[in-house]
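Colleague: Sharing a structure, written as structure tokens. Questions coming.
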Amino acid sequence: ELLFVKKVTHAFIPFRGSSEAAGFDLLSCHSVDILAGTTGCINTGIQVVLPKNTYGRIADRSSMAIKSLAVLGGVIDRDYTGSIIIMLHNFGLGEASVVDEWKQSTSRGVAGFGSTGYSSSTLSLT
1 ELLFVKKVTH AFIPFRGSSE AAGFDLLSCH SVDILAGTTG CINTGIQVVL PKNTYGRIAD
61 RSSMAIKSLA VLGGVIDRDY TGSIIIMLHN FGLGEASVVD EWKQSTSRGV AGFGSTGYSS
121 STLSLT
């Protein structure tokens with residue numbers, strides 16, 4: 001089992017988007033704009049305490065890929081004690097905004113591409 005620690009008071013504790021989800025959803029604790037062709041760092045404000053002999057992995061989601069965003073790096077060493085930082089590259093032609101406002105909508109069901117219960121307005125391309 002994983003233990004998550006808030007490093008800042010306004011951080012969001014990671015959660016599984018559905019009961020069968022492969023991993024946990026990580027949320028930004030602040031809004032960030034990532035210009036086309038650039039890389040931005042997203043601070044989650046969360047530390048993860050990992051079990052022995054494991055490491056953490058931050059992976060792309062289909063909802064990000066469809067918006068031309070990709071995770072760079074993504075390995076969390078077991079002995080890392082800082083806030084999880086997500087490096088995102090914007091391969092698109094427009095600016096990407098990661099917004100720290102999360103609105104719950106529906107359960108996962110058979111849908112994909114951003115349907116784990118949170119609206120796509122949380123990440124927008126302009």
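Residue numbers for the sequence shown follow the UniProt record's numbering, beginning at 1 and rising by one.
Cβ atoms here follow ideal geometry from the backbone N, Cα and C, with glycine treated the same way.
In this text the structure is predicted, and so the values were computed from the model without any measurement.
1) Whole angstroms are fine: how far does the CA of T38 sit from the CA of I86?
2) Measure the alpha-carbon distance for A59 versus L27 and round it to whole angstroms.
3) Determine the direct distance from the alpha carbon of S18 to that of F24, and round the result to whole angstroms.
4) With DSSP run on the structure shown, which of helix, strand or coil describes S97?
5) Can you check DSSP and say which residues form a bridge with T39?
6) In or out: V98 buried (at least 16 other Cβ within 10 Å) or exposed?
7) Please list the terminal residues of the continuous beta strand (DSSP E) segment that includes A22.
8) Between P51 and H10, what straight-line distance do the alpha-carbon atoms span, to the nearest angstrom?
9) Skipping 5 residues on each side, what residues in its chain have a beta carbon closer than 8 Å to that of residue 196?
10) Are any of the Cβ atoms in chain D nearer than 8 Å to that of R57?
Modeller: According to the data block:
1) 14 Å
2) 13 Å
3) 9 Å
4) strand
5) H89
6) buried
7) First-last for A22: undefined, no H or E at that position.
8) 25 Å
9) With the chain running from 1 to 126 in the structure shown, residue 196 is simply not present.
10) Within the model displayed, chain D is absent; a lone protein chain is all it includes.
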